[in-house]
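S.K.: Protein chains in written order, with the working numbering: chain R, 2 to 766; chain P, 1176 to 1461.
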Ligand SMILES: Cc1cc2nc3c(=O)[nH]c(=O)nc-3n(C[C@H](O)[C@H](O)[C@H](O)COP(=O)(O)OP(=O)(O)OC[C@H]3O[C@@H](n4cnc5c(N)ncnc54)[C@H](O)[C@@H]3O)c2cc1C
């Protein structure tokens, strides 16, 4: 039976926007409850130390203060934040206690929770708490982490908390015999996701029912419920977790944080609803950080520029604890070094080290932004050294369609591999070159001094993974109105999930979009759910809907068959009516007199791989080091496109976010482990006017074979190439100085210094 | 990030305001546009026991222009300066400098007096006042003082202002129509505080030679200041390429910038030099 395909693939405007633009959104700070109290957290002012004493008496004496909680009141052992992905016996002791007990390990770690009648009173109370902390030598740098003279966890005996080794072929052998090799050291700086509004929670405890209701998180409500159930010793069915509207998640929002336990715990403890919303300083110090990575990488090629191998070692900074998804970063750094290219021999060892800085987690394109930066830089250097055009170099090495599915390296420690699913990478490369007018622009601008600025071009091929398993659920209900309600385990993190899933459901059910309502991000909607991460909502949530839609239609035909006295196969469902032989007809509303609903799961253990090419034209002011992005074109194939508008928007947003990370954003710590960039005056985010000339062209030419829709996870990945492409474009612009940017961010002082150091001594003075 | 507790007063006269400030032994603060003070309070970097709001004080929000020069009331906002059409000829440098201050909303509220009292070394208005020989009029319990801008700033966020003194106005000498000028600053994003900024002006004598050159810098040390070495390199020249490069070099030598997380001292020194070079080219072309 062929399905009408009216909505999937169409530029349907976001269904979310009308409500949001009219100010009818409900973001976390809009949530409130009768008799709500405010929580404020007193956080460690030192990076590393032993808690000798906490005097809360003066705080408790302030009128309006309801409770002041420390590890003492919460009870030992203090619950820890479970590691959601790649947990092992080794990392279990490194989980973060939800409130500091005995030791503090980073500036910003929760030490005291104050509950008061207003936030201002709670802040006054925090000021009145006296902390006695004996400081220990802080571990801030890579050197100190590796040396291990000061340890975050004495019982571990080292600061190294994990290792991920990616192996394919025999790298050492390949390097021994290679005609060309080059080794470089690259650095990516610590930065992270910042959303439109802070994280926050509203927790309510209902004593009679013994029930907890938590609102405000997003992303993985079922995982949050599971963790809370254990920590608070409550059955899962006594906990509801609902998301609020969000201004972005980017991997960081909605993971389990200390507050996700502290606020619900306090709600039960004082028997009142409690609200907590972080401020920006807390966000910058305490939400998951990401990206801090150093890689020593080496490339081997034959003389024709065929890549023979990649090998190297990497250091990834974990911060003070191993958080929910922090292990993804080092794993991805190892696993995805080869990107969209055929690299027969790989050996990358990535070590994950603890430090007295904010704990890390994933940030849009985790590990991939970092490795792509390293790989594409090496590719440009190798192409240049070998006298091969950089486009040609990439073209020669891209994985070909006839090599699909293509094996990525194995991760030794987790014994896990991965494979690229489908696509023709070269077609996308060519489309990007054509859209950008690459050849013409190389001729005109590349490496040239024009208007006092050096112009340069950059090019970058990448893949983005999506569709993390193991499964996703969808529950479909034929409502009495004849409309269908769709409950999904996916979450809304600003990515337009309602729009996209409505399109998919409408096509799958052959119904108009306005007859379908999507409900998401609540533990009450489906039995189980896995949330939104790893670009999985469209693939996993969408496929679950497709599976459930087929089942719902089957149920509807069976129900109609019973009423019409015919076989289900004789029933057609069309235009809101079930029709049977002899002109018998029932509207869906009439059909719904009988309860018709179904919950189905879509299972999947493979990943989808969207892929593409970015190209850019930049200009460098050699006297100030300022870089202007003059043009940026992204072309990406996503298997099958559900909505070019939302997807294109996501791609452009991702690129701007990447430009922010590449040029502006930097979480800087001093030698004592104090965060120096705790405000938006110092942590610089891109603003609307900073990077205006970006185009994203999305295609859906090579469907994924691993799901019924043929879609691939996408929208996350525009960020992946940005560091690499910008550094390459700058190197190309500054070729007459023969300089290589190796460290991010590409700040004006850093670019200026590269140039200044390269100038002849007398000119520089 | 909620404000610490404080009392609030909104006096109707200058004398009352001064009396209120004097009543707390240094623990009262004036609030004008609030665009610097409010963040300081929210971060609890200061917790004065009393805030004295200047909003009801009359007569401090005027821009007066006459033959003796220009007078800016302490409560004149950035927006007023931007929108005042007379200033395009009466003092083009003022409008150019203020166009670099912050963002739309902040420009609607931030004031001349607040900025000068706040004394951020990278702020435009303090730098402008020093460059343009402004006189700062202040009034306190012990009467009125008129302080040359060059003597007003003592360090980052530090001035000669007493706790019970308020700035009432800023007086600027007249601006000759034929004056040559240039102003440039460099910030990571538009509206950010400058990593460095330069303002320059000079007049031409009958022979076409520069006289009375003024070069002022912001973000290049602990206070905004003039750079006499660079001024000397301009005075008496026709501001040709040689003079421009000499002035730029003198500017690099004439500043003592600091290293911070955003840039090294070496970078800022270079920046000031580059900005002066470019500002002078703009001045010549004007
Ligand atoms: C995001 C942001 C970006 C900014 N960017 C810039 C920028 O690029 N350049 C720039 O110059 N500024 C910038 N500012 C600061 C802004 O211009 C402020 O408005 C200004 O510095 C202070 O003026 P105000 O009227 O707001 O003063 P307030 O914040 O009200 O007061 C500041 C200080 O001055 C004192 N004060 C106020 N009025 C008087 C008076 N009449 N006499 C004596 N003392 C007084 C107060 O007691 C206080 O100590 C920025 C501010 C923000 C929030």
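All residues carry an ideal CB built from backbone N, CA and C; glycine is no exception.
#1: Along the chain, where does the beta strand (DSSP E) that runs through residue 346/R open and close?
#2: One question on the structure: do residue 412/R and residue 335/R come within less than 8 angstroms of each other, judged by their Cβ atoms?
#3: Using only CA atoms, which one of 1323/P, 1266/P, 1361/P and 1274/P lies nearest to residue 1376/P?
#4: Using beta carbons (cut-off 8 angstroms, strictly below), is residue 617/R in contact with chain P?
#5: Return yes when the C-beta of residue 1249/P is under 7 angstroms from any heavy atom of ligand 1, and no when it is not.
#6: Judging by CA-CA distance, which residue of 694/R, 265/R, 216/R and 557/R is the nearest neighbour of residue 580/R?
#7: Closest Cβ-Cβ distance between residue 625/R and chain P: below 8 angstroms?
#8: Taking C-beta pairs closer than 8 angstroms, name the residues in chain R that residue 1178/P reaches, listed in chain order.
#9: DSSP three-state label for residue 176/R, please.
#10: Let me confirm a value: residue 246/R is counted as buried when at least 16 other C-beta atoms fall within 10 Å, else exposed. Which label applies?
#11: Return yes when the C-beta of residue 1268/P is under 7 angstroms from any heavy atom of ligand 1, and no when it is not.
#12: In three-state terms, what does DSSP make of residue 159/R?
#13: Within this structure, are the beta carbons of residue 724/R and residue 663/R separated by less than 8 angstroms?
#14: What residue ranges within the region 622-706 of chain R form continuous beta strand (DSSP E) runs of no fewer than 3 residues, ordered along the chain?
#15: For residue 33/R, is the classification buried or exposed, using 16 other Cβ atoms within 10 angstroms of its Cβ as the cut-off for buried?
#16: Please state whether DSSP places residue 551/R in a helix, a strand or coil.
#17: Are the Cβ atoms of residue 203/R and residue 274/R separated by less than 8 angstroms?
#18: Does the region 1286-1297 of chain P come into contact with the region 1235-1255 of chain P, if we say contact requires no fewer than three beta-carbon pairs (one atom in each stretch) closer than 8 angstroms?
#19: Between which two residues does the beta strand (DSSP E) containing residue 1275/P stretch?
#20: I believe residue 109/R touches residue 244/R by the beta-carbon criterion, under 8 angstroms. Please report the beta-carbon distance rounded to the nearest angstrom.
#21: Measure the beta-carbon distance from residue 311/R to residue 329/R and round it to whole angstroms, keeping in mind my assumption that it falls under 8 angstroms.
#22: Find out if the Cβ-Cβ distance for the pair residue 673/R, residue 684/R is shorter than 8 angstroms.
#23: Between the alpha carbons of residue 1259/P and residue 20/R, how many angstroms are there, rounded?
#24: With DSSP run on the structure shown, which of helix, strand or coil describes residue 770/R?
#25: Chain R beta carbons: is any one of them nearer than 8 angstroms to that of residue 1365/P?
#26: Could you tell me whether the region 593-602 of chain R touches the region 546-560 of chain R, using the rule of 3 or more Cβ pairs below 8 angstroms?
#27: Drop a sphere of 10 angstroms on the beta-carbon of residue 1304/P, count the other beta-carbons inside from all chains shown, and report buried for 16 or more, exposed for fewer.
#28: Got a sec: which bits of the region 280-308 of chain R sit with their beta carbon under 8 angstroms from any beta carbon on chain P, in order along the chain?
#29: List the whole-angstrom C-beta distance separating residue 1223/P from residue 1239/P, where the pair is believed to meet the contact cut-off of C-beta under 8 angstroms.
#30: Just to make sure I have the definition right: I need the residues of chain P whose C-beta is within less than 7 angstroms of the C-beta of residue 690/R. Which are they?
#31: Mapping DSSP to helix, strand and coil, what is residue 39/R?
#32: List, in chain order, every chain C residue whose beta-carbon is nearer than 7 angstroms to that of residue 1438/P.
#33: For ligand 1, which residues have a Cβ under 5 angstroms from at least one heavy atom, in chain order?
#34: Could you tell me whether the Cβ of residue 1442/P comes closer than 8 angstroms to any Cβ of chain R?
#35: Here's the rule: buried if 16 or more other CB atoms are within 10 angstroms of the residue's CB, otherwise exposed. What is residue 1386/P?
#36: In this structure, does DSSP put residue 1189/P in helix, strand or coil?
M.R.: Looking at the atomic coordinates:
#1: 346-355
#2: yes
#3: 1266/P
#4: no
#5: yes
#6: 557/R
#7: So yes, residue 625/R belongs to the interface.
#8: Below the 8 angstroms Cβ cutoff, chain R contributes 121 as neighbours of residue 1178/P, in chain order.
#9: helix
#10: buried
#11: Residue 1268/P: no, Cβ never under 7 angstroms from ligand 1.
#12: coil
#13: Their beta carbons are under 8 angstroms apart, which means residue 724/R touches residue 663/R by this criterion.
#14: Secondary structure remark: continuous beta strand (DSSP E) runs of at least 3 residues inside the region 622-706 of chain R, in chain order: 628-638 and 695-700.
#15: It is exposed - the Cβ of residue 33/R has fewer than 16 other Cβ atoms within 10 Å.
#16: helix
#17: yes
#18: yes
#19: Careful: residue 1275/P lies outside any beta strand (DSSP E) and carries neither H nor E.
#20: Between residue 244/R and residue 109/R the Cβ distance is about 24 angstroms, and since that is not below 8 angstroms, they are no contact.
#21: Contact flag wrong, Cβ pair sits at about 20 angstroms.
#22: no
#23: 40 angstroms
#24: No information on residue 770/R is available, as it lies outside the stretch 2 to 766 that chain R covers here.
#25: At least one chain R Cβ lies under 8 angstroms of residue 1365/P.
#26: yes
#27: buried
#28: 280, 281 and 282
#29: Not really, about 31 angstroms apart at Cβ, beyond 8 angstroms.
#30: 1365
#31: strand
#32: In summary, chain C is missing from the structure at hand, where the protein chains are R and P.
#33: Taking every residue with its beta carbon within less than 5 angstroms of a heavy atom belonging to ligand 1 gives, in chain order, 1204/P, 1205/P, 1206/P, 1207/P, 1208/P, 1209/P, 1210/P, 1211/P, 1212/P, 1249/P, 1276/P, 1277/P, 1281/P, 1285/P, 1286/P, 1288/P, 1289/P, 1290/P, 1292/P, 1293/P, 1298/P, 1299/P, 1341/P, 1342/P and 1368/P.
#34: yes
#35: exposed
#36: helix
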